[in-house]
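First comes the structure, then the notes that go with it.
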């Protein structure tokens, strides 16, 4: 009910507060094509977003089960893990604000993903569950804004629609696979902590793929030196 209420409030703001631009920019007749390097860059950016969300999903999909395996009641386990989501409502916009103000989006993504991964590993190995959950909620949302904005670095207005289509295709295709792998690991290893470890592993891959993304766009944007 609380979530439904917030959705209704948001719809109310859109209906009564939002105003369309007076002179929208027309893109009719404009056509653009994606270069091979741009496609690679968008796929890599979508992969980072996919892996980040897989790590996020492991917490909510298997965190409660892990606590139940340690003797918690289902209600207590679910309520405790839900704290991460409520705090993420604040940490996601704060992470975007931090990236914008510092102009260090890559540092926010790298630091946030590494801290997120370490806390996910600690969650299944420490008795200090509540402090770790609170820290997870504060940290987990920090990389989101900087990751989702990566594709804007390589897409022009004319190519944004198809580019974002590729971005979200990668995301939606990969996310269910990641969750399924987490479930298989949990079953085969005999505990939900294996899925949390898998989530931590994919989060640690994100900074590596971010480095690859930067290599791609650096080559794409390198100025042409005239030959003599």
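Numbering (our numbering), first residue to last: 10 to 237.
C-beta atoms are modelled at their ideal positions from N, C-alpha and C, and glycine is treated no differently.
Between the options, which has its C-alpha nearest residue i's C-alpha?
i	options	result
residue 59	227, 186, 202, 206	186
residue 75	214, 191, 221	191
residue 55	197, 214, 180, 213	180
residue 68	82, 128, 182	128
residue 164	201, 51, 210, 194	51
residue 184	195, 64, 119, 146	64
residue 135	202, 193, 109	202
residue 120	195, 214, 86	214
residue 156	138, 147, 122, 166	122
residue 210	168, 130, 154, 173	130
residue 114	169, 147, 158	158
residue 220	22, 53, 44	53
residue 227	49, 26, 21	49
residue 212	194, 150, 174	150
residue 206	188, 217, 176, 216	188
residue 204	73, 20, 176	73
residue 133	218, 208, 216	208
From residue i to residue j, what distance separates their C-alpha atoms?
i	j	result
residue 112	residue 125	21 Å
residue 107	residue 80	39 Å
residue 160	residue 223	11 Å
residue 95	residue 16	15 Å
residue 47	residue 197	39 Å
residue 152	residue 99	12 Å
residue 70	residue 61	14 Å
residue 84	residue 77	9 Å
residue 162	residue 199	43 Å
residue 18	residue 24	10 Å
residue 42	residue 225	18 Å
residue 118	residue 147	14 Å
residue 169	residue 138	42 Å
residue 86	residue 66	16 Å
residue 173	residue 44	14 Å
residue 22	residue 14	13 Å
residue 109	residue 116	12 Å
residue 101	residue 154	7 Å
residue 26	residue 182	36 Å
residue 36	residue 171	Caution is warranted here: a pLDDT of 49 is assigned to residue 36, below 50, making its placement in the model unreliable, and the coordinate value is therefore given only provisionally. C-alpha separation (whole angstroms): 14 Å.
residue 103	residue 97	9 Å
residue 195	residue 82	19 Å
residue 217	residue 175	21 Å
residue 105	residue 193	34 Å
The ligand SAM and residue i: does any heavy atom of the ligand fall closer than 7 Å to the residue's C-beta?
i	result
residue 130	The ligand SAM is not among the ligands present in this structure, which contains no ligands whatsoever.
Quick check: is the beta carbon of residue i nearer than 8 Å to any beta carbon in chain D?
i	result
residue 207	The structure shown contains no chain D, having only a single protein chain.
Would you call the segment 88-104 and the segment 140-147 touching, i.e. three or more CB-CB distances under 8 Å? yes
Ranges of the beta strand (DSSP E) found wholly within the segment 115-147, counting only runs of at least 3: none
Runs of beta strand (DSSP E) wholly within the segment 42-113 (minimum 3 residues, chain order): none
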